[in-house]
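A.B. asks:
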Amino acid sequence: MNWESIDAHAKQWIKEAGDKIRSSFEKTLNIETKSNPNDLVTNIDKEIEQFFIGKIRGVYPQHKIMGEEGFGDELKSLEGIVWLIDPIDGTMNFIHQQRNFAVSIGVYENGIGKIGLIYDVAHDELYHAISGEGAYLNGKPIPLLEETTVKESILALNATWVMENHRIDHNIMIPLARDARGTRSYGTAALEMVFVATGRVDAYISMRLSPWDFAAGAVIIQELGGIVTNVRGEPLDFLTLDSVLTANRGLHQVILKDYLKDGKW
Ligand code: IPD
Ligand code: CA
Ligand code: CA
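Under my numbering, the very last position in the sequence shown is 1351; numbers go up by exactly one each time.
#1: Is any heavy atom in ligand 3 found nearer than 7 angstroms to the beta carbon of D1125?
#2: Under 7 angstroms from any heavy atom of ligand 3, does the C-beta of I1341 make it?
#3: Can you say whether I1130 is buried or exposed, counting buried as having 16 or more other CB atoms within 10 angstroms of its CB?
#4: Using a Cβ-Cβ cut-off of 7 angstroms (strictly less than) and excluding sequence neighbours within five positions of L1231, which residues of its own chain qualify?
#5: Any heavy atom of ligand 1 closer than 7 angstroms to the CB of I1130?
#6: Classify M1249 as helix, strand or coil using the three-state DSSP reduction.
#7: For the pair the segment 1130 to 1143 and the segment 1157 to 1168, tell me if three or more CB-CB distances fall below 8 angstroms.
#8: For L1342, which of S1217, V1248, L1327, V1236 has the nearest alpha-carbon?
#9: Checking the sheet assignment: what are the DSSP bridge partners for M1152?
#10: Using the C-alpha atoms, what's the distance from V1280 back to F1300?
#11: Quick check: is any heavy atom of ligand 5 less than 7 angstroms from the C-beta of W1298?
#12: Could you give the residue range of the alpha helix (DSSP H) that holds A1221?
#13: To the nearest whole angstrom, what separates the beta carbons of L1241 and I1307, a pair I think is in contact under 8 angstroms?
#14: In terms of residues, what are the limits of the beta strand (DSSP E) holding D1131?
#15: For L1170, is the classification buried or exposed, using 16 other Cβ atoms within 10 angstroms of its Cβ as the cut-off for buried?
#16: Mapping DSSP to helix, strand and coil, what is T1284?
#17: Tell me the residue span of the beta strand (DSSP E) that contains T1269.
#18: So, for A1096: in the same chain, excluding its five sequence neighbours on each side, which residues have a beta-carbon less than 7 angstroms away from its beta-carbon?
#19: Scan the segment 1182 to 1232 and note each continuous alpha helix (DSSP H) run of 4 residues or more that stays entirely inside, going in chain order.
#20: Considering only the beta carbon of each residue, do G1199 and S1217 sit closer than 8 angstroms?
#21: Which same chain residues end up closer than 8 angstroms to I1356 when comparing Cβ atoms and leaving out the 5 residues on each side of it in sequence?
#22: By alpha-carbon positions, which one of P1147, S1121, N1251 ends up nearest to G1166?
#23: Mapping the DSSP letters down to three states, classify E1112 as helix, strand or coil.
#24: Grab the span of the beta strand (DSSP E) containing I1254 for me, first residue to last.
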């Protein structure tokens, strides 16, 4: 498989997608809700996903595509080459802030991550990794992750998980949030994952993400020696919703063993 050529195409398309998104800032968005009033989608999310699908089908008709907005294939397995695409991750931020969102593309072969691309459009920052060849930010190598302790770590997590909610026992998360140096909540899984990759935050925890939210970030973080699992410490499932715990190796182990082990996830 010519990964260099797939990578070159993916990079070119993600930059073109960024240009389209930037020019949409001048226009009025068409905003709809999906599963609930806070689950938003715009015409741009849909247009960008369709843009990628047109490009991929034109050059790689044998590849499969899993896209958030549903224009790709309905996949029951990860056999072959699969593109996992989130055209805009952080749609709520895109609508309200015109920043703090990203385009996220993971390319997997038989379930193994090969390429990860996350484009922070507002900052023109492209995070990128090919498995086995290092991870880069705008072409500059990102250093390997350093170990941190909980006390000196910033954790990215949504406030939902430390207040009463209908998914998890929030009491499990409170000690972790209290012991950490600080917590942050950016509202975009893709960027929160590249913030782990670049050491801007030390860990990211989310209870409910989709494969297109974490596919690209997982490739980038693992390339830098970081660990990506669900909150039970198991490998992520790329065919369904899953939780995510990602951090540098030492911190990941401590969070799992000392804080999350009693959770009924
Ligand atoms: C969402 C963002 C958010 C996360 C949600 C995702 P979207 O993606 O990544 O940070 O908490 O679970 O659905 O809908 O903006 O692509
Ligand atoms: Ca998303
Ligand atoms: Ca999205």
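For glycine and all other residues, C-beta sits at the position ideal for the given N, C-alpha and C. Keep in mind that this is a model prediction, so the values were computed, not measured.
C.D. replies: In terms of the structure at hand:
#1: Position 39 of the sequence shown, counted from the first residue, corresponds to residue 1125. False, no ligand heavy atom lies under 7 angstroms from that Cβ.
#2: The residue you call residue 1341 lines up with position 255 of the sequence shown. Shortest gap from the CB of I1341 to any heavy atom of ligand 3: 7 angstroms or more.
#3: As a first step, residue 1130 must be located in the sequence shown, where it is residue number 44. Flag for I1130 reads buried.
#4: The residue given as residue 1231 occupies position 145 in the sequence shown. Excluding sequence neighbours, L1231 sits near G1285, L1310, G1311, G1312, N1334.
#5: Walking along the sequence shown from the start, residue 1130 turns up at place 44. Checking the Cβ of I1130 against ligand 1 gives no.
#6: Position 163 of the sequence shown holds residue 1249. In this structure, M1249 counts as coil in the three-state DSSP scheme.
#7: yes
#8: Stepping through the sequence shown from its first residue, residue 1342 is reached at position 256. Here the closest residue by C-alpha is V1236.
#9: Taking the sequence shown and counting its residues from 1, the one referred to as residue 1152 is at position 66. DSSP, once it has assigned bridges, lists L1170 as partnering M1152.
#10: As a position in the sequence shown, residue 1300 is number 214, starting the count at 1. As a position in the sequence shown, residue 1280 is number 194, starting the count at 1. About 10 angstroms.
#11: In the structure on display, ligand 5 does not appear, and the ligands it does have are ligand 1, ligand 2 and ligand 3.
#12: Position 135 of the sequence shown, counted from the first residue, corresponds to residue 1221. Here A1221 belongs to no alpha helix (DSSP H); instead the beta strand (DSSP E) covers 1221 to 1223.
#13: Sequence index remark: in the sequence shown, residue 1241 carries index 155 (1-based). Sequence index remark: in the sequence shown, residue 1307 carries index 221 (1-based). Their Cβ separation, rounded to whole angstroms, is 15 angstroms, which puts L1241 and I1307 out of contact at 8 angstroms.
#14: Within the sequence shown, numbered from 1, the residue matching residue 1131 stands at position 45. D1131 -> not in any beta strand (DSSP E); alpha helix (DSSP H) instead, spanning 1129 to 1145.
#15: What you label residue 1170 is simply residue 84 of the sequence shown in a count that begins at 1. With 16 or more other Cβ atoms within 10 Å, it is buried.
#16: Within the sequence shown, the letter at position 198 stands for residue 1284. Correct three-state label for T1284: coil.
#17: Position 183 of the sequence shown, counted from the first residue, corresponds to residue 1269. Element bounds for T1269: 1268 to 1270.
#18: Numbered from 1 along the sequence shown, position 10 holds the residue referred to as residue 1096. Hits under 7 angstroms: I1191, V1193, I1201, L1203.
#19: Fully enclosed alpha helix (DSSP H) runs of no fewer than 4 residues are not present anywhere in the segment 1182 to 1232.
#20: Here the question's residue 1199 lines up with position 113 in the sequence shown. Here the question's residue 1217 lines up with position 131 in the sequence shown. Closer than 8 angstroms, so yes.
#21: The requested residue 1356 is not part of the displayed model; the chain covers only 1087 to 1351.
#22: Against the sequence shown, residue 1166 aligns to sequence position 80. Restricting attention to P1147, S1121, N1251, the CA atom closest to the CA of G1166 is found in P1147.
#23: Reading the sequence shown from its first residue, position 26 is the one you call residue 1112. In the three-state scheme derived from DSSP, where H, G and I count as helix and E and B as strand, E1112 is classed as coil.
#24: Here residue 1254 is taken as the residue at index 168 of the sequence shown, counted from 1. Where I1254 is concerned, there is no enclosing beta strand (DSSP E), given that its DSSP letter is neither H nor E.
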